[in-house]
Amino acid sequence: MRIVENRAWLRGLVERLTARHEAGSAEPWKVTDAPADFVEQMLGAIVGIEIPLTRLVGKWKVSRTGRRPDRDGW
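Below is the structure:
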């Protein structure tokens, strides 16, 4: 694990996360929509943590129980 205090790195991360999570909105919000001084103040309160992945394990649930619409939504 690594703690990241670099403001440019944090800002880039916040901008990418915001773009990803706002993408489905009719009018997606962007970090640049907020006042610059507010964004700088908020960046000062964020602690960036980078955790390298060494492996990824997943599960896939295959079930034939339940109603068809419910199964299709899984």
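In the working numbering, the protein residues as written are 100 to 173. Using N, Cα and C, we set each Cβ at its ideal position, and we do this for glycine too. The structure presented is a predicted model; accordingly, all values stated were derived computationally and were not measured.
Report the three-state DSSP secondary structure of residue i (helix, strand or coil).
i      : result
Arg138 : The identity of residue 138 in the sequence shown is Val, whereas the question assumes Arg. Three-state DSSP puts Val138 in a helix.
Glu114 : helix
Val156 : coil
Trp108 : helix
Thr164 : coil
Glu121 : helix
What residues match up with residue i in a beta bridge as DSSP calls it?
i      : result
Val103 : Gly147
I'd like to know whether the C-beta atoms of residue i and residue j end up nearer to each other than 8 Å.
i      : j      : result
Leu112 : Gly147 : yes
Arg101 : Glu139 : no
Could you give the distance in angstroms between the alpha-carbon of residue i and the alpha-carbon of residue j?
i      : j      : result
Arg166 : Lys129 : 40 Å
Leu109 : Leu142 : 7 Å
Ala107 : Val161 : 43 Å
Glu152 : Glu114 : One detail in the question is off: residue 152 reads as Leu in this sequence, not Glu. In a straight line, the C-alpha of Leu152 is about 22 Å away from that of Glu114.
Glu121 : Pro134 : 18 Å
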